[in-house]
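Some notes on the structure that comes next.
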Amino acid sequence: MKALSDCVILVTPTSFGRHDPRLHSALAEVVGEVIGNERGRPLTSDELRDILPGCDGYIAGQDHIDLRALQGAERLRVIARYGVGVDRVDLAAAQSRGIIVTNTPGANADAVAELTIGLMLALARQIPQSNQRMRRGEWPRLSGASLAGSVVGLLGLGAIGQAVARRLRAFGCILQAHDPFVASGQAQELGAQLVELDALVANADFLSLHLPATPDTAGLVDADFLARMKRSAFLINTARGELVDEAALWKALQSGQLRGAALDTFRHEPPAADNPLFSLPQVIVTPHMGAHTTAAGNAMGWGALHDCLAVLRGEAPKHRVV
8 MKALSDCVIL
18 VTPTSFGRHD
28 PRLHSALAEV
38 VGEVIGNERG
48 RPLTSDELRD
58 ILPGCDGYIA
68 GQDHIDLRAL
78 QGAERLRVIA
88 RYGVGVDRVD
98 LAAAQSRGII
108 VTNTPGANAD
118 AVAELTIGLM
128 LALARQIPQS
138 NQRMRRGEWP
148 RLSGASLAGS
158 VVGLLGLGAI
168 GQAVARRLRA
178 FGCILQAHDP
188 FVASGQAQEL
198 GAQLVELDAL
208 VANADFLSLH
218 LPATPDTAGL
228 VDADFLARMK
238 RSAFLINTAR
248 GELVDEAALW
258 KALQSGQLRG
268 AALDTFRHEP
278 PAADNPLFSL
288 PQVIVTPHMG
298 AHTTAAGNAM
308 GWGALHDCLA
318 VLRGEAPKHR
328 VV
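Using the working numbering, the final residue of the sequence shown is 329, and nothing's skipped along the way.
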């Protein structure tokens, strides 16, 4: 087994070590070389194909890690995802090459939950519109919605969905959720009622997405899904952009089928500046920043680092995906 001091590690998350420089020093002290990400964005498959052949370990951000990226990575033993989602990792390709994939579940749950609540409130009370109009010298009288007494639907009740549910209990809303992998007793402890998907879609005044991107969930929020929502409803997506058909969402918002939407994730990131959704005043957009807090960044960084080094030492990682 190769000594850690001879290993080369690729680190691509742009926020890795931003708030805790010890992450960089802890890695540099034990491995032979650390390769950073000078592009300041997720790497493409072609870019990874040129870099990975010389790497033993890889702490990965939102890069596109497909078969093409891994073809020449003969030395690579571990892909440690800086975050929970592995939808951009070809797990079958990694497994066939003996590459272990890990992630950091729960590390960013509180951060994403807090942004979700913030977006709900911003939509409900038209905070961005009020701010913009005040700066233009206006004194608008805008009528908002209230979370109290509203049905808030959570589509997905994993670590992030649960963190959102715990926070929502203080708002006096009616909390419903759909997740086939969660028991009704667990949902009740969070103050939520488990319902079927059709009922959740039809009942929710605020519908918040907390699902991973998989072949089964990709494009789930399509024209038919949106047509079944209340005309006064708000949609919040702090999960994955692949869940939403953006063209169908634009039509639903423009027609008044939905009252508003808040999106932290997009099908293509970064989205084009002329994305039609950006032209709608009832849409709030943020740059996939749900996990971007000091605490979440540090937790993801240390979790990914520990599992990456554990695999290179021949030890079992804490959070192995495949």
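We put the beta carbon where it would ideally sit given N, CA and C, even for glycine.
Inset, instruction - Label LEU149 either buried or exposed according to how many other C-beta atoms from any shown protein chain fall within 10 Å of its C-beta, with 16 as the threshold for buried. - result: exposed
Legend entry - Best match in GLY92, PRO20, LEU164, ALA166 for proximity to GLY248 [C-alpha to C-alpha]: A check of alpha carbon separations from GLY248 across GLY92, PRO20, LEU164, ALA166 identifies GLY92 as the nearest.
Legend entry - Unbroken alpha helix (DSSP H) run spanning GLY168, endpoints: 166 to 175
Legend entry - Enclosing beta strand (DSSP E) for GLN183 [first to last residue]: 181 to 185
Inset, instruction - Determine the DSSP secondary structure at SER215, reduced to helix, strand or coil. - result: Residue state, collapsed to three classes: strand.
Inset, instruction - Specify, as a first and last residue, the run of the alpha helix (DSSP H) that VAL329 falls within. - result: Note, VAL329: premise wrong, no alpha helix (DSSP H); not H, not E.
Legend entry - Neighbourhood of ILE16 by C-beta, 6 Å cutoff - its chain only, sequence neighbours within 5 removed: VAL38, VAL41, GLY64
Legend entry - Cβ pair count under 8 Å reaching 3, the stretch 127 to 138 against the stretch 148 to 165: yes
Inset, instruction - Would you check if the stretch 296 to 316 and the stretch 14 to 33 touch, i.e. whether three or more CB-CB distances between them fall below 8 Å? - result: yes
Inset, instruction - Tell me the start and end of each unbroken alpha helix (DSSP H) in the stretch 29 to 72 that is at least 4 residues and wholly inside, in chain order. - result: 29 to 37, 52 to 58
Legend entry - Closest residue to ALA118 among ALA199, LYS237, ARG174 (Cα-Cα distance): ARG174
Inset, instruction - Return the chain-ordered ranges of every beta strand (DSSP E) run that is complete within the stretch 194 to 254 and spans a minimum of 3 residues. - result: 213 to 216, 241 to 244
Inset, instruction - Could you tell me the distance, in whole angstroms, from the CA atom of LEU256 to the CA atom of LEU214? - result: Rounded to the nearest angstrom, the two C-alpha atoms are 13 Å apart.
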